[in-house]
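Sequences listed follow chains A and B, in order.
Going by numbering that gives the first Met the number 0, the first sequence opens with residue 0, and the numbers climb by one from there.
Going by numbering that gives the first Met the number 0, the second sequence opens with residue 0, and the numbers climb by one from there.
Idealized CB from N, CA, C, for every residue including glycine.
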Amino acid sequence: MRILVVDDEHDVSTLFLQRFRREIRDGLFEFSFCFSGEDALDYIKTNAQEAILILSDINMPGMTGIELLCKINEEIPQPKPIVMMITAYDDKSTRDQAIQNGAEEVFNKPLDFQVIKDKLLQLK
Amino acid sequence: MASNFFIALRNFFVPKEHVVNASRQLHVLIYFYILTACFTTSFVLFYILIQFEEGMVSLGLTTLLFFIGLILIKQGMSLTFLSHFFLFSGAIVGIIITTYFTGGLYSPVMPWFVAIPIASLLLFDSMKDMMIWIVIAIIGVTAFIILALMKVNIAHNYNLEWKEWHFGISYMGLTLIIFFLSFVFKRFIIEKINQLQVAQIQLLQSEKLASLGELTAGIAHEIQNPLNFVNNFSEISVELIQDLQEEIEKQDPDKEYINELFLDLSQNQEKIHYHGTRASNIVISMLQHSRARSDIKEYIDINTFVGEFLRLSYHGLRANDKSFNAEYKLISDPNLPKIFINSQDFGRVLLNLINNAFYAVKERKKISIDADNQYNPTVIISTEMIENKVVVKIKDNGVGIPESIKAKIFQPFFTTKPTGHGTGLGLSLSYDIITNGHGGTIDVVSQEGEYTEIVITLPLTK
Chain A
0 MRILVVDDEH DVSTLFLQRF RREIRDGLFE FSFCFSGEDA LDYIKTNAQE
50 AILILSDINM PGMTGIELLC KINEEIPQPK PIVMMITAYD DKSTRDQAIQ
100 NGAEEVFNKP LDFQVIKDKL LQLK
Chain B
0 MASNFFIALR NFFVPKEHVV NASRQLHVLI YFYILTACFT TSFVLFYILI
50 QFEEGMVSLG LTTLLFFIGL ILIKQGMSLT FLSHFFLFSG AIVGIIITTY
100 FTGGLYSPVM PWFVAIPIAS LLLFDSMKDM MIWIVIAIIG VTAFIILALM
150 KVNIAHNYNL EWKEWHFGIS YMGLTLIIFF LSFVFKRFII EKINQLQVAQ
200 IQLLQSEKLA SLGELTAGIA HEIQNPLNFV NNFSEISVEL IQDLQEEIEK
250 QDPDKEYINE LFLDLSQNQE KIHYHGTRAS NIVISMLQHS RARSDIKEYI
300 DINTFVGEFL RLSYHGLRAN DKSFNAEYKL ISDPNLPKIF INSQDFGRVL
350 LNLINNAFYA VKERKKISID ADNQYNPTVI ISTEMIENKV VVKIKDNGVG
400 IPESIKAKIF QPFFTTKPTG HGTGLGLSLS YDIITNGHGG TIDVVSQEGE
450 YTEIVITLPL TK
């Protein structure tokens, strides 16, 4: 399963690659990274044939995670990718907004990688 | 002494339930009653002296009504009612009736009509209540004018031998009472203004606290990100070491895998250091922002000072990035007087603004490398004297500021730099130092893709 991680912090890529080192070695997950909502949308469009799961930060400069979620709903044809959101500001309105727009799950920062791992394995 | 006596007398009539929280309006009303009662009493004594019976009755009755009014105040009657009652006693019973018995338009009491609108203005808040008494005063005066024009005979029922004394006492009394009433009211106004000023200061203070609150939320978030990385990378490093141990203890260790683990470990240490430094830089900027600044100001030769910081900034940037280069120039007005400033704070402002200027030209240079090589990164600072103020302009031909974010650039934590490169506190700190610290102004003129000019204006102070 290919997982697209969207976050404006570049070091997130190193973090995910190391946190899921064993799963990547075992061929369970493959990771791709985009550092802005705009890039992520392009990536999803060009790789539409591939079944992917998107894990996106909400607070990003430019296109936010919520905007990305809406764009995916509008512009990406069926089957829609599963989208999960990450936020540092855990308030009810952000969470509700994400869920209403079809997010599968909202994770809080600091990320608990064990929870994410379990959720991803369950979806697989 | 005298004022203590008045205050004690005044407080005697304040209703028990209002003693702690008596309104100023109530105090004014009590003063009105007491002072006018004193005047009418002295008039009654004068009328007894000259044996003027009608006067004794009308002003005796007025005085009695004033005392009844004071008792009603003590009973806690409404202020509006008591103000009307005061004017009824003073204007109708006191002034109009006494004027009638002392010769109408030619009466020594006639000028007291002036006191009616003044008292009503001071006593009432509502226009309607005021108008009632102004109209009554005008009707009263008009009536006496008409009576005089119609030559209706109004007897001067008092002993005319005392005419000069009667006029004298009346005019003197009026003069004094208008002074006293205005004096009390002026103090009332001054107190109101003081209360307003206190409220304003408290508002400013709470505004500051609110912005500190906003700041705290911002800082928490700004610091949390690098700290998450520090935690994550150190945790992963522990796992990596365990993996490494397992691999080494194997019969046939995979050297390539061991190398990979070492590489990751070393990379993680670098990341931990990088993000640790990032968090620490945020804390340092934060401390600069909130620290109670040293208030030491001194006379500074602004040209030398600006020149030093221009070089400091340039060489600082060069030291970090050898590929960076830009032209810089100081156009100074040699006749500037020394200015009285907090050099530590002002230095921080200059460093922030000059660093920003160099950053802007560096960014534009990056874009223009592909387009053409004609771009000449330049930062120019000029100093001059305009209308008795020292003006420092910092102009760069960098990327400029888009119109959409111009309003936000002085807000704390607003930054256009990539994550980890700017705290977003530089301009907000500079703004605070120039405006609150030095009573100056800081303005931005910019054209996106062309230039940015920051204009600092500092007043000449002793």
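query = Within this structure, are the beta carbons of B/I404 and B/L426 separated by less than 9 Å?
reply = No.
task = Give a yes or no on whether the C-beta atoms belonging to B/F84 and B/L71 are separated by under 9 Å.
result = Taking 9 Å as the Cβ cut-off, B/F84 and B/L71 qualify as a contacting pair.
ask   = How long is the line joining the alpha carbons of B/A291 and B/G397, rounded to whole angstroms?
value = Residue confidence is low: B/A291 scores 48 on pLDDT, short of 50, so the model does not pin down where it sits. No coordinate-derived value is stated.
query = What's the gap between the Cα of B/N280 and the Cα of B/L350?
reply = Spanning the two alpha carbons is a distance of roughly 16 Å.
request  = Count the other C-beta atoms from every protein chain shown that fall within 10 angstroms of the C-beta of B/H314, then say buried if there are 16 or more, exposed otherwise.
outcome  = That one is exposed.
key: Cα-Cα separation, B/Q196 to B/E386   = The alpha-carbon atoms of B/Q196 and B/E386 are separated by roughly 31 Å.
request  = Can you have a look at B/Y466 and say buried or exposed, based on whether 16 or more other CB atoms are within 10 angstroms of its CB?
outcome  = No information on residue 466 of chain B is available, as it lies outside the stretch 0 to 461 that chain B covers here.
ask   = At a CB-CB cut-off below 7 Å, which residues of chain A make contact with B/I235?
value = The contacting residues are Q17, R18.
key: Enclosing alpha helix (DSSP H) for B/K73 [first to last residue]   = In the DSSP assignment, B/K73 falls within the unbroken alpha helix (DSSP H) covering 52 to 74.
key: Closest by C-alpha distance to A/L40, when choosing among A/V82, A/D117, A/G26   = Among A/V82, A/D117, A/G26, the Cα nearest to that of A/L40 is on A/V82.
query = Identify the residues that DSSP records as bridge partners of B/V443: which are they?
reply = Partner residues in the beta bridge of B/V443, as assigned by DSSP, are B/I453.
key: Option in B/I6, B/W161, B/K150 with minimal Cα separation from B/I47   = That would be B/W161, whose Cα lies nearest to the Cα of B/I47.
query = If we cut at 9 Å on Cβ distances, does B/Q266 have a partner in chain A?
reply = Yes, because at least one Cβ of chain A sits closer than 9 Å to the Cβ of B/Q266.
request  = Name, please, each residue of chain B whose Cβ falls closer than 9 Å to the Cβ of A/P78.
outcome  = The contacting residues do not exist; A/P78 stays about 32 Å from chain B at best.
message = I need the boundaries of the alpha helix (DSSP H) containing A/N72, first residue and last residue.
response = Per DSSP, A/N72 belongs to the alpha helix (DSSP H) from 64 to 74.
query = Checking contacts by CB at 9 Å: is B/P401 closer than that to chain A?
reply = It does not: the Cβ of B/P401 has no partner Cβ on chain A nearer than 9 Å.
ask   = To the nearest whole angstrom, what separates the beta carbons of B/F228 and B/K270, a pair I think is in contact under 8 Å?
value = In this structure B/F228 touches B/K270 by the C-beta definition: roughly 6 Å separates them, less than 8 Å.
inquiry  = From the DSSP secondary-structure annotation, give me the bridge partner or partners of B/L120.
reply    = Answer is none; B/L120 lacks a bridge partner.
key: Closest Cα partner of B/T415 within the set B/Y358, B/T382, B/G439   = Looking at the Cα atoms, B/Y358 is the closest of the given residues.
key: Option nearest B/A136 by Cα separation, candidates B/P458, B/I432, B/F112   = Residue B/F112 is the option with its Cα nearest to B/A136.
message = Just to check my reading of the structure: B/E447 and B/E402 have Cβ atoms closer than 8 Å, yes? What is that Cβ distance to the nearest angstrom?
response = Between B/E447 and B/E402 a beta carbon distance of about 7 Å is seen, short of the 8 Å cut, so the two are scored as contacting.
task = Show which residues of chain B have a CB atom less than 9 Å away from the CB atom of A/S87.
result = Position check: residue 87 of chain A holds Ala in this sequence, whereas Ser was assumed. Taking the beta carbon of A/A87 as reference, the chain B residues within 9 Å of it are H220, Q223, N224, N227, listed in sequence order.
Cβ-heavy atom distance, B/V444 to the ligand COA, below 8 Å = In the structure on display, the ligand COA does not appear, and there are no ligands present to speak of.
ask   = Quick one: which chain A residues come within Cβ less than 7 Å of B/D263?
value = At a beta-carbon threshold of 7 Å, the residues of chain A lying near B/D263 are Q17, ordered along the chain.
inquiry  = Under 9 Å, CB to CB, which of the residues in the stretch 339 to 367 of chain B have a partner in chain A?
reply    = Per Cβ criterion, the list is empty.
message = Please report whether the beta-carbon of A/F112 lies at a distance below 9 Å from any beta-carbon of chain B.
response = Closer than 9 Å: yes.
message = Contact criterion: CB-CB distance below 9 Å. Does B/L214 meet it with respect to chain A?
response = Residue placement at B/L214 is poorly supported in this model, since its pLDDT is 49, which falls under 50; the coordinates still yield a value, given next. No, B/L214 lies away from the interface with chain A (no Cβ there is under 9 Å from its Cβ).
query = Applying a beta-carbon distance threshold of less than 7 Å, which residues of chain B neighbour A/D10?
reply = Those within 7 Å of A/D10 in chain B are F228, K270.
message = Rounded to the nearest angstrom, what separates B/F45 and B/I200 at their Cα positions?
response = Spanning the two alpha carbons is a distance of roughly 53 Å.
ask   = For A/D56, which option in A/N72, A/K118, A/R24, A/L3 has the closest C-alpha, if you only look at C-alpha atoms?
value = Checking every option, the nearest Cα to that of A/D56 belongs to A/L3.
ask   = What separation, rounded to the nearest whole angstrom, lies between the Cα atoms of A/S12 and A/E29?
value = In a straight line, the C-alpha of A/S12 is about 12 Å away from that of A/E29.
ask   = Any C-beta of chain B sitting closer than 9 Å to the C-beta of A/K108?
value = Interface with chain B (9 Å Cβ-Cβ cutoff): A/K108 is included.
ask   = By DSSP, does B/A291 sit in helix, in strand, or in coil?
value = Any answer about B/A291 is weak, because its pLDDT of 48 lies below 50 and its placement is not dependable; what the coordinates show is given next. If DSSP states are grouped into helix, strand and coil, B/A291 belongs with coil.
key: Beta bridge counterpart(s) of A/R1 as assigned by DSSP   = Within the DSSP bridge table, the entry for A/R1 names A/E29, A/I51 as partners.
ask   = In terms of alpha-carbon separation, which member of B/V108, B/I189, B/Q194 lies closest to B/G172?
value = Nearest option by C-alpha distance: B/V108.
ask   = Name the chain B residues that come within less than 8 Å of A/L14, Cβ to Cβ?
value = Near A/L14 (Cβ distances below 8 Å), the residues of chain B are F228, N231, F232, I235.
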